[in-house]
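Counting in the UniProt record's numbering, the sequence shown runs from 1 upward without gaps. We treat Cβ as the ideally placed atom computed from N, Cα and C, and that holds for glycine. For clarity, every value in this text was computed on a predicted model and none was experimentally measured. Reviewing the structure listed below.
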Amino acid sequence: MVSECCPAEGVSGFVVYNYHLKRLEGQPKLTSNQVQYSNGRSRVPAKAPQLVCLDISEGQEDVQIPAVNTIDDATITGFTYTKYNQVLSNLKLPPNADGCDCKGYCKNPKTCSCARLNGVDFPYVRSNGGRLIEAKDVVFECGPNCGCGPGCINRISQRGIKYQLEVFRTSDRGWAVKTKDFIPSGAPVCEYIGELRRTNELDNVDENDYIFEIDCWQTMKGIGGRERRLGDVSESLSNKLDEKNLENSMPEPEFCIDAGRIGNVSRFINHSCDPNLFVQCVLSAHHDLKLARVLLFASDNIPPMQELTYDYGYALDSVVDNNGNVRMLPCHCGTSECRKRLY
Ligand SMILES: C[S@@+](CC[C@H](N)C(=O)[O-])C[C@H]1O[C@@H](n2cnc3c(N)ncnc32)[C@H](O)[C@@H]1O
Numbered sequence: 001m002v003s004e005c006c007p008a009e010g011v012s013g014f015v016v017y018n019y020h021l022k023r024l025e026g027q028p029k030l031t032s033n034q035v036q037y038s039n040g041r042s043r044v045p046a047k048a049p050q051l052v053c054l055d056i057s058e059g060q061e062d063v064q065i066p067a068v069n070t071i072d073d074a075t076i077t078g079f080t081y082t083k084y085n086q087v088l089s090n091l092k093l094p095p096n097a098d099g100c101d102c103k104g105y106c107k108n109p110k111t112c113s114c115a116r117l118n119g120v121d122f123p124y125v126r127s128n129g130g131r132l133i134e135a136k137d138v139v140f141e142c143g144p145n146c147g148c149g150p151g152c153i154n155r156i157s158q159r160g161i162k163y164q165l166e167v168f169r170t171s172d173r174g175w176a177v178k179t180k181d182f183i184p185s186g187a188p189v190c191e192y193i194g195e196l197r198r199t200n201e202l203d204n205v206d207e208n209d210y211i212f213e214i215d216c217w218q219t220m221k222g223i224g225g226r227e228r229r230l231g232d233v234s235e236s237l238s239n240k241l242d243e244k245n246l247e248n249s250m251p252e253p254e255f256c257i258d259a260g261r262i263g264n265v266s267r268f269i270n271h272s273c274d275p276n277l278f279v280q281c282v283l284s285a286h287h288d289l290k291l292a293r294v295l296l297f298a299s300d301n302i303p304p305m306q307e308l309t310y311d312y313g314y315a316l317d318s319v320v321d322n323n324g325n326v327r328m329l330p331c332h333c334g335t336s337e338c339r340k341r342l343y
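Put into structure tokens, the structure is as follows:
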């Protein structure tokens with residue numbers, strides 16, 4: 001942050017502006033690869049950050065998402081950007097749930113049937129363009145059958161990416177994502193997007209680093225060591241969900257989002273044992289938790305230039321190869337909380 005600016009006469013007689021910069025609370029150390037050095041007085045950057053792609057979304061997002069590589073020769077290849085989940089032909093999405101009767105914007109949580117699904121109030125507050133008040137087992141948003149419009153407070157996660165993000169190359173974790181904007185705590189950052197598919201279709205696939213299992217139900221029930229959410233206000237949430245679809249719920253997630261071939265910027269977000277994003281399941285169109293949308297929200301105020309990370313949430317020794325051997329992946333998140341292995 002610029003705290004002071006004072007003009008002075010430079011060596012060539014031109015006015016030179018001196019800026020006093022102050023670090024924001026919690027701002028990480030600036031590393032040298034984030035600084036463009038200039039060659040003496042030539043004013044030409046000695047090493048411009050290597051822009052490998054101006055916008056990985058190819059104009060699909062409201063903001064451009066550049067990719068920069070100052071580490072090696074890798075470029076962004078092997079996937080197609082999409083803003084919306086793709087449903088494979090062997091999978092049918094459940095029908096849309098009934099909507100609320102509000103008109104224009106949902107204002108009164110007592111009369112809005114979608115707000116009531118979340119407890120006593122809307123899950124979001126309006127400040128900073130909409131922020132989630134607390135992490136929940138699941139957030140019910142307004143959907144296609146609701147009377148309200150796109151500006152409704154209860155559609156915050158449906159507005160797309162609003163922050164300036166950048167994909168960058170790391171020396172030990174492949175690509176990663178940083179924010180160039182300040183992101184306030186509780187703000188939605190992006191949705192995990194890819195191909196919606198059955199998890200058992202991946203049984204014979206050996207390597208795919210881009211699978212997100214939709215485990216909202218298992219997390220709610222604390223199955224397989226998953227940690228339950230503290231902030232849920234609903235006593236019998238399952239009454240509000242599509243009971244039919246939950247009857248045969250498995251200990252393992254039935255569906256996943258596969259961003260291996262098709263996905264958005266979320267597929268480049270790395271794991272950290274002390275992350276600044278958290279995963280939030282959201283239901284907006286249908287109410288089947290097994291096919292919930294997966295959103296990443298800021299868990300804290302995130303200063304500009306900070307890498308975005310979330311906890312992938314693997315239980316140790318839970319990943320096995322096709323021969324049943326336990327697979328291990330060392331963690332390079334570099335935080336003091338590091339558990340040393342992703343799985
Ligand atoms: C969803 S991808 C994230 C983007 C990935 N870094 C890339 O280059 O496309 C997940 C993979 O990134 C790597 N990764 C993510 N977080 C990591 C961490 N904390 N330590 C080591 N590798 C990590 C692992 O290879 C993991 O399987």
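Counting along the chain, L277 sits inside no alpha helix (DSSP H); it lies in the beta strand (DSSP E) bounded by residues 277 to 283.
E307 is bridged by DSSP to K178. Going by DSSP, A115 is part of the alpha helix (DSSP H) stretching over 113 to 117. Shown here for S318: same chain residues with a beta carbon closer than 7 Å to its own, the five before and five after excluded, namely Y343 in chain order. Counting other Cβ atoms within 10 Å of its Cβ, K178 reaches 16 or more and is therefore classed as buried. Distances from the CA of A298 to each of G313, E134, T199 were compared; the closest alpha carbon is that of E134.
When T199, C53, D215, N128 are compared, the shortest CA-CA separation from F182 is found for N128. Per the coordinates, the alpha-carbon of R173 lies some 48 Å from the alpha-carbon of T111. Along the segment 50 to 88, the beta strand (DSSP E) occurs as fully enclosed runs of 3 or more residues at 51 to 53, listed in sequence order. Across the structure, G160 and E191 are spaced so that their CA atoms are roughly 8 Å apart. With a threshold of 16 other beta carbon atoms within 10 Å, T335 falls short and is exposed. The beta carbons of E195 and G260 sit closer together than 9 Å. Less than 9 Å divides the Cβ of N108 from the Cβ of C102. Burial of S57 is indicated by the presence of at least 16 other C-beta atoms within 10 angstroms of its C-beta. N128 carries a helical assignment under DSSP once its states are collapsed to helix, strand and coil. According to the DSSP assignment, C190 belongs to the beta strand (DSSP E) that extends over 188 to 191. As a beta-bridge residue in DSSP terms, I262 pairs with T80. Between ligand 1 and R267, a heavy atom-to-CB distance of less than 8 Å is present. In the structure shown, E134 falls within a coil segment according to DSSP collapsed to helix, strand and coil.
N270 sits in a strand when the DSSP states are folded into three classes.
Shown here for M220: same chain residues with a beta carbon closer than 6 Å to its own, the five before and five after excluded, namely D137 in chain order. Per DSSP, Q218 is one residue of the alpha helix (DSSP H) stretching across 216 to 221. Here DSSP, grouped into helix, strand and coil, assigns E195 to strand. Between C216 and K290, the alpha-carbon positions lie close to 7 Å from each other. Between I153 and D321, the alpha-carbon positions lie close to 44 Å from each other. DSSP places F212 in the uninterrupted beta strand (DSSP E) bounded by 211 to 213. With contacts defined as CB atoms closer than 9 Å, V63 and Y124 fail to qualify as a contacting pair.
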